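One structure below.
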Amino acid sequence: GAAVILTALIVAVGFVLAAVLFGAEFVTQLKALNERAGITLSRLAAFLGLQAEDIVNVQSPVASIAPLIPRFLSFGWTVGQAIAGLLFVIVASVYLALDPKPYRDGLVTLVPSDYKQNALATLDDIGEGLQHWLGGTLLSMVLVGTMTGVGLWLVGVQSPLALGLLAGFANFVPYIGSLAAAAVTVVMAAGQSFDAAVAAVGVL
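Sequential numbering of the sequence shown, starting at 1453, is according to the numbering used here.
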């Protein structure tokens, strides 16, 4: 129980310190990324021989928005489910971490008596495996985020802090997260210049 509370406090203090030290710079870089997204869109339109408005299709606001409303509602429901699921996982994890014995013993009572020792040993193995996986994943996130941010800064790509944080957090999702973060980084760098995009690909 004490370890869980201490860990929660350390995480909270870490977030506060990060916000104080890097919050303003991070917000500034996010705004720059947003502006550069518009530039990238314009360059993409020019490359395709179109107007930027043709890509986003804004010639008839009502006609273009109406078909999207069900999709937005569905997306909002999906996001709501994801948030609710995340909150459930956090609360359940805290309860399990504070006092795991009742839950562990309750689960083992569902197993026939001849297999209880095996069940307990299996739970120990699962716990150890998850602990190692989580530790390795967190280390990987820190390394990927740091190396990406520093590498982009060294080659002159704008907003390296924001892109580095994106790469680090996205690395939590195996394969797909890293690919998505890489795609966003290259697209944002392309809005800066072709050389920046090539340099970003090299860093990644």
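Each residue gets a CB set at the ideal place from its N, CA and C atoms; glycine is no exception.
This structure is a prediction, so every number in the text was calculated from the model and none was measured.
(request) Tell me whether G1537 is buried or exposed, calling it buried when 16 or more other Cβ atoms sit within 10 Å of its Cβ. (result) Looking up residue 1537 in the sequence shown gives position 85. It counts as exposed.
(message) Could you tell me the alpha carbon to alpha carbon distance between V1456 and G1597, rounded to whole angstroms?
(response) Residue mapping note: residue 1456 aligns to position 4 of the sequence shown, counting from 1. Residue mapping note: residue 1597 aligns to position 145 of the sequence shown, counting from 1. One C-alpha to the other measures close to 26 Å.
(request) If I'm right that V1639 touches T1492 with Cβ under 8 Å, what's the distance once you round it to whole angstroms? (result) On the sequence shown, residue 1639 is found 187 positions in, with the first residue counted as 1. On the sequence shown, residue 1492 is found 40 positions in, with the first residue counted as 1. That pair is a contact at about 6 Å.
(request) Report the option in K1483, V1560, G1558 and Y1627 whose CA atom is closest to the CA atom of L1615. (result) Locating residue 1615 in the sequence shown gives position 163, where the first residue counts as 1. Nearest C-alpha to L1615: K1483.
(request) Give the straight-line distance between the Cα atoms of I1578 and A1470, rounded to the nearest whole angstrom. (result) To locate residue 1578, count along the sequence shown from 1; it is residue 126. To locate residue 1470, count along the sequence shown from 1; it is residue 18. Spanning the two alpha carbons is a distance of roughly 33 Å.
(message) If contacts are defined as beta-carbon pairs under 8 Å, then L1575 and R1556 qualify, I think. What distance do you get, rounded to the angstrom?
(response) Taking the sequence shown and counting its residues from 1, the one referred to as residue 1575 is at position 123. Taking the sequence shown and counting its residues from 1, the one referred to as residue 1556 is at position 104. With a contact defined as Cβ atoms closer than 8 Å, L1575 and R1556 qualify at about 6 Å.
(request) Just tell me which of V1607, I1542 and Y1627 has its CA closest to the CA of V1653. (result) Residue 1653 sits at position 201 when you count from the first residue of the sequence shown. Looking only at V1607, I1542 and Y1627, the smallest Cα-Cα distance to V1653 is reached by V1607.
(message) Could you tell me the alpha carbon to alpha carbon distance between T1561 and K1568, rounded to whole angstroms?
(response) Within the sequence shown, residue 1561 is the residue found at index 109, counting from 1. Within the sequence shown, residue 1568 is the residue found at index 116, counting from 1. Rounded to the nearest angstrom, the two C-alpha atoms are 8 Å apart.
(request) May I ask which residues mark the beginning and end of the alpha helix (DSSP H) holding V1602? (result) Working through the sequence shown from its first residue, we reach residue 1602 at position 150. Unbroken alpha helix (DSSP H) run through V1602: K1568 to L1606.
(message) So, under 8 Å CB-CB, Q1481 and L1613 are touching, yes? Tell me the CB distance rounded to an integer number of Å.
(response) As a first step, residue 1481 must be located in the sequence shown, where it is residue number 29. As a first step, residue 1613 must be located in the sequence shown, where it is residue number 161. About 5 Å separates the two Cβ atoms, so the contact holds.
(message) For a test of the three-state rule: what should DSSP assign to Y1627, helix, strand or coil?
(response) Start at 1 with the first residue of the sequence shown, and residue 1627 comes out as number 175. If DSSP states are grouped into helix, strand and coil, Y1627 belongs with coil.
(message) Going by DSSP in three states, Q1610 sits in which element: helix, strand or coil?
(response) For this step, residue 1610 is matched to residue 158 along the sequence shown. DSSP places Q1610 in coil when its eight states are reduced to three.
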